[in-house]
Amino acid sequence: MKTNRKTLRLLTYVFPALAVLVFVILIPSVVALFYGFTDYSPGREVSFIGLDNYISLLTNSRFWMAVLNNVYYLVGCLVAELFLGFSCALLLNKRFRFQPLWFCLLLAPYAVSPVVAVQIWKYLLDPTYGWINYGLTKLGFEPVIWFSTKLTSMIPVCLVSVWKEFPFLMITIYAALTTVPTEVEEAAKIDGARSFNYFFRVLLPIISPAVLVGLVFRIIFLIRSFEIVWVFTGGGPGTSTEILAINMYKESFLYYNFGRGSALGWILLGITFAASYKLIKNANKSLLQ
Amino acid sequence: MRKSLTLIVLSLLAISMVFASGTEEVGNQDITMVTQSFAQNNITGTGLGTGDNLLEGMKEELGIGLNFIITNGTDEQQQMLFRIGALPETEEDLFYILQSMADDRIVNYLEPLNKYLEEKPLDGFPEDYSEGMLADFTIDGNLYAIPIRSGVWNIWYNQRILEERGITELPSTPEEIYEIAKACTYTLPSGEKVYGFASRGTRWDLHEQLAIGARMFGGDIITPDYEVVINEEPVIKFLELYRKMYAEGLMPPNWNNMTGNDADQMLKDGRAALSLGSANYSPRYNDPETSREAGNILPCEIPLAAELQTEDKKYSDSISFTWAISILKGSDQKDLAWDVIRYLTSDYASVELAKNENAPARMSVLDWQAESGDAGALVASATFPRTRSALPPLENSGEIIDIIGEHMENVVIKGMDAQTEMDIAASKIEALI
Chain A
1 MKTNRKTLRL LTYVFPALAV LVFVILIPSV VALFYGFTDY SPGREVSFIG
51 LDNYISLLTN SRFWMAVLNN VYYLVGCLVA ELFLGFSCAL LLNKRFRFQP
101 LWFCLLLAPY AVSPVVAVQI WKYLLDPTYG WINYGLTKLG FEPVIWFSTK
151 LTSMIPVCLV SVWKEFPFLM ITIYAALTTV PTEVEEAAKI DGARSFNYFF
201 RVLLPIISPA VLVGLVFRII FLIRSFEIVW VFTGGGPGTS TEILAINMYK
251 ESFLYYNFGR GSALGWILLG ITFAASYKLI KNANKSLLQ
Chain B
1001 MRKSLTLIVL SLLAISMVFA SGTEEVGNQD ITMVTQSFAQ NNITGTGLGT
1051 GDNLLEGMKE ELGIGLNFII TNGTDEQQQM LFRIGALPET EEDLFYILQS
1101 MADDRIVNYL EPLNKYLEEK PLDGFPEDYS EGMLADFTID GNLYAIPIRS
1151 GVWNIWYNQR ILEERGITEL PSTPEEIYEI AKACTYTLPS GEKVYGFASR
1201 GTRWDLHEQL AIGARMFGGD IITPDYEVVI NEEPVIKFLE LYRKMYAEGL
1251 MPPNWNNMTG NDADQMLKDG RAALSLGSAN YSPRYNDPET SREAGNILPC
1301 EIPLAAELQT EDKKYSDSIS FTWAISILKG SDQKDLAWDV IRYLTSDYAS
1351 VELAKNENAP ARMSVLDWQA ESGDAGALVA SATFPRTRSA LPPLENSGEI
1401 IDIIGEHMEN VVIKGMDAQT EMDIAASKIE ALI
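Line by line, the protein sequences are chains A and B. Each residue of the first sequence is one higher than the one before, starting from 1 at the first, in the numbering used here. Each residue of the second sequence is one higher than the one before, starting from 1001 at the first, in the numbering used here.
Structural data, given as structure tokens:
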């Protein structure tokens, strides 16, 4: 009886949060799942079409092109963010002058709205008066015609994403580093461990749960990325930078194929789940250990 | 237990308050219009407008206030139509609709206006409106919207740059656009480049440019009777010319990222010699407060290929656009909404809207503008009798516009073969019509 009361009280506490989640996530997801099996388009009668949306998407070259673009974008951003995030976190973990100021400066891009960040970089990359091409020509290079090929479109898109988002991994890793007792480093040094060995054999295993959690979040965010690419290129030129979230947005809100858009949403969810499952499992395992 | 119940009740109360806050009552004499910022500027006379604020007259004469819900672009306006049009009851009453949105689905969302036209006719209706324009919004004999803003596209050129580069004559063939653009592409002593031709180029603008280009060579993208002709010779000729201009650096390399504002700014800064724009853009280009080239930017008609020119026809058909004002089916103030439409399309208000930078949909207002010496209006009135919109009303217009943009970018920016790309585009479009 006592246990029941306790359970009821606990449920009461989580009820508001659960109610919100049910309204804004569960119900829309179930509705989207249903729409995914229909040809729903505004102003037209809805018919149940089974798996047609999923089959047509999975057999469409445009979808696979978007998957491939997503892979380029994810790998390019994640590697750079991890490298930058780690480097900056390790630096910030040392004591030096104006360390809090540097911390704030490195964190600043994270506070900038994605659309504002893109606008700033659009000016920097402008072929006529942009600083990037100006700097390249001053260094004796040919100016780059940004957004004219897949490569010259993907580079700035990834660049802005990394510039804006690497502080997330930096702060996650930095927080983990601050929890490592100084005695660990001292003990490793006494045992004769060099910096390289200390980093890979001692420090990394200690902070790996935090790094894995950070990576899981970044993978999820990068797979469902939309704003930066959309505002920068709209998916172009051609379909050079069209990633899955842009594909989904176009299907739903520009082509008004809500059925296909919903199916794509569920495929995107599946990909996110598959990509992050292993990492989440490993992170949980490390945390339990 | 009591505590738990109290918490649940409080939570439910909080949630219901959140939802309840969105259903505030609008006063009976207030009409709500869903539109874009240009319409708000035209009606209120803000921005570069020199006409009256029509809200004041409407309040005084009809006792009706007008609220605006502003959307950020045509795609958002279309989404709003689907969202609020489907509701049996809405707080919104009036809706601005573009001709490309007017497929047969609008019968589910908009009120037929024939009954209102009979009971309380409009000034100058129908004789002062183009038949084609009204036909765009007519389905099964019912008119669903009244045209209120309509314009044609033409070339805008910087007279100073052309004179300085030794150009004495305006383009009379598409090839001459290339020649002039080439002569007007140069680098200033400051190192800044002036481009011969700069026009908006985002994905959602490209079909308009392709239609303008195709019509210069006597072709089209999709004919009014829905024949897909995007892979025919006129389109290919235009794309090859455009690719040449882009590859030779006569157009900005970031053309496909340039919005209308970007292109306008280049023209106003003296960094572009030629551009494409609506015939009513003269005030924005020649405003001394915002343009370094005020007084130098002038309109001219879009040329036609030499072999197609006749005594009666020297210029291209160009493209037009028409925004019309409609009443939502779910509005519970339809009669008041009609009174607002009557007021905004009246003889007096039509002229005041035109003074506030609205491209007039009524022929008499366009004639009045042309007689007043508005160079853009002169071009518009000459083009109006033969022009039409870039695409006919299409159910899948969003997807078709995206397909056109994708393959046009492949040709112009990536240098892919024009015929191959347009054949692919044609087969994709045919599957959607």
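Heads up, the beta-carbon is just placed ideally off N, CA and C, and yes, glycines get one too.
Worksheet item: Do you know offhand how far A245(A)'s Cα is from Y1315(B)'s?
Response: Your numbering for residue 245(A) matches position 245 in the first sequence. Your numbering for residue 1315(B) matches position 315 in the second sequence. So the two alpha carbons sit approximately 43 Å from each other.
Worksheet item: Relative to the C-alpha of N1396(B), which residue among F1095(B), N1072(B), D1264(B) and D1103(B) is closest?
Response: As a first step, residue 1396(B) must be located in the second sequence, where it is residue number 396. Checked all of F1095(B), N1072(B), D1264(B) and D1103(B); the closest Cα to N1396(B) is D1103(B).
Item to complete: Compute the distance between the beta-carbons of G1051(B) and G1057(B), then report whether it is under 8 Å.
Response: For the purposes of this step, residue 1051(B) is identified with residue 51 of the second sequence, where counting begins at 1. For the purposes of this step, residue 1057(B) is identified with residue 57 of the second sequence, where counting begins at 1. In this structure, G1057(B) does not lie closer than 8 Å to G1051(B) by Cβ.
Item to complete: Return no unless some Cβ of chain B is closer than 8 Å to the Cβ of Y72(A).
Response: If you number the first sequence from 1, residue 72(A) lands on position 72. Judged by the 8 Å Cβ criterion, Y72(A) is not in contact with chain B.
Practice prompt. May I have the straight-line CA-CA distance separating S208(A) from F86(A), to the nearest angstrom?
Written response: Here residue 208(A) refers to the residue found at position 208 of the first sequence. Here residue 86(A) refers to the residue found at position 86 of the first sequence. For S208(A) and F86(A), the distance between alpha carbons rounds to 12 Å.
Worksheet entry | Member of I1167(B), F1321(B), K1329(B) and P1299(B) whose CA lies at the smallest distance from the CA of P1088(B) | Stepping through the second sequence from its first residue, residue 1088(B) is reached at position 88. Closest option to P1088(B), Cα to Cα, is K1329(B).
Discussion item. Mapping the DSSP letters down to three states, classify A146(A) as helix, strand or coil.
Written reply: Residue numbering aside, residue 146(A) sits at position 146 when the first sequence is read from its first letter. What sits at residue 146(A) in the sequence shown is Trp, not Ala. In the structure shown, W146(A) sits in coil (DSSP, three-state: anything other than H, G, I, E or B).
Practice prompt. For R201(A), count neighbouring Cβ atoms within 10 angstroms of its own Cβ and tell me buried if that reaches 16, exposed if not.
Written response: Looking up residue 201(A) in the first sequence gives position 201. So R201(A) counts as exposed.
Item to complete: Counting only the same chain and skipping the five closest in sequence on each side, list residues whose C-beta sits under 8 Å from that of Y1178(B).
Response: As a first step, residue 1178(B) must be located in the second sequence, where it is residue number 178. Answer for Y1178(B): L1241, K1244, M1245 and L1250, listed in chain order.
Item to complete: Under 6 Å Cβ to Cβ from S262(A), same chain only, skipping five residues before and after it: list those, please.
Response: For the purposes of this step, residue 262(A) is identified with residue 262 of the first sequence, where counting begins at 1. A32, Y35 and G36.
Discussion item. Would you say F221(A) lies against chain B (beta-carbon separation less than 8 Å)?
Written reply: Taking the first sequence and counting its residues from 1, the one referred to as residue 221(A) is at position 221. Answer no: the Cβ-Cβ gap between F221(A) and chain B never drops below 8 Å.
Worksheet item: Roughly how many angstroms lie between the CA atoms of G1085(B) and N1108(B), to the nearest whole one?
Response: Taking the first residue of the second sequence as 1, we reach residue 1085(B) at position 85. Taking the first residue of the second sequence as 1, we reach residue 1108(B) at position 108. Cα-Cα distance, rounded: 7 Å.
Practice prompt. Please name the residue in L106(A), S148(A), E227(A) and L125(A) whose C-alpha comes closest to that of M170(A).
Written response: For this step, residue 170(A) is matched to residue 170 along the first sequence. Comparing Cα-Cα distances from M170(A) to each of L106(A), S148(A), E227(A) and L125(A), the minimum goes to L106(A).
Practice prompt. Could you name the residues of the same chain whose beta carbon sits closer than 6 Å to that of V180(A), not counting the 5 residues immediately before and after it, in chain order?
Written response: Taking the first sequence and counting its residues from 1, the one referred to as residue 180(A) is at position 180. Once the five neighbours on either side are set aside, the close Cβ partners of V180(A) are I206.
Discussion item. Could you compute how far the alpha carbon of N1254(B) sits from the alpha carbon of E1118(B)?
Written reply: Start at 1 with the first residue of the second sequence, and residue 1254(B) comes out as number 254. Start at 1 with the first residue of the second sequence, and residue 1118(B) comes out as number 118. The straight-line gap from Cα to Cα measures roughly 52 Å.
Worksheet item: Which residue from E1092(B), G1063(B), N1053(B) and K1059(B) puts its Cα closest to that of I1070(B)?
Response: Working through the second sequence from its first residue, we reach residue 1070(B) at position 70. Out of E1092(B), G1063(B), N1053(B) and K1059(B), E1092(B) has the C-alpha closest to the C-alpha of I1070(B).
Worksheet item: What does DSSP give as the partner residues of Q119(A) in its beta bridges?
Response: Numbered from its first residue, the first sequence carries residue 119(A) at position 119. Looking at the DSSP assignment, Q119(A) forms no beta bridge with any residue, so it has no partner.
Worksheet entry | Residue range of the alpha helix (DSSP H) that includes I1177(B) | Here residue 1177(B) corresponds to residue number 177 of the second sequence, with the count starting at 1. P1174 to A1183 is the span of the alpha helix (DSSP H), which, as asked, contains I1177(B).
Fill in: Members of the region 144-175 of chain A near chain B, C-beta cut-off 8 Å
I145, W146, F147, S148 and T149
Item to complete: Check the Cβ-Cβ distances between R1203(B) and every residue of chain A, and say whether any is below 8 Å.
Response: The count along the second sequence starts at 1 and reaches residue 1203(B) at position 203. Yes, R1203(B) lies at the interface with chain A (some Cβ there is under 8 Å from its Cβ).
Discussion item. Cutting at 7 Å between CB atoms, please list the residues of its own chain near E81(A), excluding the five before and the five after it.
Written reply: As a position in the first sequence, residue 81(A) is number 81, starting the count at 1. Correct list, in chain order: V162, E165, F166, L169 and R218.
Worksheet entry | Positions along the region 1079-1092 of chain B whose CB lies within less than 9 Å of some CB in chain A | Q1079, L1081, F1082, R1083, G1085 and A1086
Practice prompt. Going by CA-CA distance only, name the one from L1336(B), E1248(B) and E1111(B) that's closest to I145(A).
Written response: Here the question's residue 145(A) lines up with position 145 in the first sequence. Taking only the C-alpha atoms, the option nearest I145(A) is E1248(B).
Worksheet entry | In DSSP terms, what V1034(B) is bridged to | Here residue 1034(B) refers to the residue found at position 34 when the second sequence is read from its first residue. According to DSSP, which records beta bridges pairwise, V1034(B) is partnered with I1069(B) and F1095(B).
Discussion item. Check whether chain A comes within 8 Å of E1248(B), counting only Cβ atoms and requiring the distance to be less than that.
Written reply: Your numbering for residue 1248(B) matches position 248 in the second sequence. E1248(B) does not count as touching chain A.
Item to complete: Spell out whether any CB of chain A is found under 8 Å from the CB atom of P1224(B).
Response: In the second sequence, residue 1224(B) corresponds to position 224, counting from 1. Answer no: the Cβ-Cβ gap between P1224(B) and chain A never drops below 8 Å.
Item to complete: Using a Cβ-Cβ cut-off of 8 Å, state whether D1417(B) counts as contacting chain A.
Response: Taking the second sequence and counting its residues from 1, the one referred to as residue 1417(B) is at position 417. No - not a single Cβ of chain A is within 8 Å of the one on D1417(B).
Practice prompt. Taking P1252(B) as the query, report the chain A residues whose CB atoms sit under 8 Å from its CB, ordered along the chain.
Written response: For this step, residue 1252(B) is matched to residue 252 along the second sequence. By Cβ distance, chain A contributes P127 and T128.
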